[in-house]
Amino acid sequence: MKYSFRFPTYLLPLVLALFLFSCKSAGPKKNAAPDMATLKAFMTGSFNSAEQAAQDSAYYNISLHMYPIWEGKGNWLYVEQALAVMQERPYRQRVYELEKTGEGAFISKVYELPDAKAAIGKWKTPKWFDEMTPDDLTEKEGCGVNLAWENGIFKGATGEKTCQSSLRGASYATSKVTVYPEKIISWDQGWDDKGEQVWGAEKGGYVFIKLKK
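As numbered in the numbering used here, residues 2 to 214 make up the sequence shown, in order.
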């Protein structure tokens with residue numbers, strides 16, 4: 002006597018639903034929020050704005066170097082900016098601390114060095130910073146840039162009037178930043194107490210193209 006099994010048709014919707022769920026769970030989510038390593042990799046490297054300067058005389062060719070320091074003690078980057086023809090005399094030296102603040106959300110805190118001149122060019126030898134600790138830095142409170150993951154890039158800004166600045170008669174400064182895998186657009190501006198711009202690019206941010214990682 003032969004016995005033939007007939008699958009209950011009323012179970013088909015359940016089986017199909019389980020199959021579709023397993024397919025969706027098998028691989029990573031397409032739009033999954035990135036981890037800290039992604040942001041750090043995007044920001045790390047040597048950049049310049051040579052291409053932008055060649056196209057628009059309103060912009061200078063600026064070099065930008067950002068490299069990790071204090072590996073294993075958090076997520077810290079030493080940052081150095083200078084005119085490309087005067088890299089031995091940078092006009093800005095900072096340390097950034099990257100922290101995660103939520104799903105796909107981060108903050109880049111800004112710190113000043115105790116002896117900026119001594120650190121010139123040390124992006125080439127990050128181990129030099131092992132002679133000091135984060136406790137030696139001074140945080141520029143209110144100047145951190147809040148970044149959020151948005152369609153494959155990190156985009157954000159400082160608070161509207163939270164970053165105090167006295168440079169060239171300014172009362173406060175703002176920064177708008179967009180971080181791509183191979184470039185960074187940064188727009189820093191200084192404003193007086195009347196809300197009028199007193200320094201910084203006027204038409205848009207500087208476009209820094211990554212030269213090497």
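We treat Cβ as the ideally placed atom computed from N, Cα and C, and that holds for glycine.
Query: Taking DSSP as the reference, what is the three-state secondary structure of Leu84?; Result: strand
Query: Does Arg95 come out as helix, strand or coil in the three-state DSSP assignment?; Result: strand
Query: Can you list, in chain order, the residues of its chain with a C-beta nearer than 6 Å to that of Glu100? Leave out the 5 residues immediately preceding and following it.; Result: Ile108
Query: Is Tyr207 near Ser187, with beta carbons less than 7 Å apart?; Result: yes
Query: For Lys156, collect the residues of the same chain with a Cβ closer than 7 Å to its Cβ; drop the 5 residues on either side in sequence, then sort them by chain order.; Result: Leu148, Ala149, Thr179
Query: Beta-carbon within less than 7 Å of Ala59's beta-carbon, same chain only, minus the 5 sequence neighbours each way: which residues are those?; Result: Lys204
Query: Enumerated in chain order, which unbroken segments of the beta strand (DSSP E) with a length of 3 residues or greater are wholly contained in the stretch 37 to 81?; Result: 46 to 49, 63 to 70
Query: Assign Leu259 to buried or exposed, taking buried as 16 or more other Cβ atoms, counted over all protein chains shown, within 10 Å of its Cβ.; Result: As shown, the chain starts at 2 and ends at 214. That puts residue 259 outside it, with no answer to give.
Query: So, under 8 Å CB-CB, Tyr97 and Val86 are touching, yes? Tell me the CB distance rounded to an integer number of Å.; Result: With a Cβ gap of about 25 Å, Tyr97 and Val86 do not count as contacting.
Query: Return helix, strand or coil for Asp189, following the three-state DSSP convention.; Result: strand
Query: Who pairs with Tyr110 in a beta bridge, going by DSSP?; Result: The question names Tyr, but residue 110 in the sequence shown is Lys. Paired residue(s): Glu98.
Query: Comparing alpha-carbon positions, which option in Lys118, Gln198, Gly73 lies nearest Ala174?; Result: Gln198
Query: Roughly how many angstroms separate the alpha carbons of Thr45 and Met37, rounded to a whole number?; Result: 12 Å
Query: On the DSSP letters alone, give me the boundaries of the beta strand (DSSP E) that Gly157 sits inside.; Result: 154 to 158
Query: Identify every residue that forms a DSSP beta bridge with Ile210.; Result: Asn49, Lys184
Query: Considering only the beta carbon of each residue, do Gly145 and Ala171 sit closer than 7 Å?; Result: no
Query: Could you give the distance in angstroms between the alpha-carbon of Glu161 and the alpha-carbon of Asp193?; Result: 13 Å
Query: Could you name the residues of the same chain whose beta carbon sits closer than 8 Å to that of Leu212, not counting the 5 residues immediately before and after it, in chain order?; Result: Gly46, Ser47, Phe48, Asn49
Query: Helix, strand or coil: which one does DSSP assign to Gly196?; Result: coil
Query: Kindly indicate which residue of Phe130, Cys164, Glu183, Lys128 has the alpha-carbon position closest to the one of Ile154.; Result: Glu183
Query: Could you give the residue range of the beta strand (DSSP E) that holds Leu148?; Result: 146 to 151
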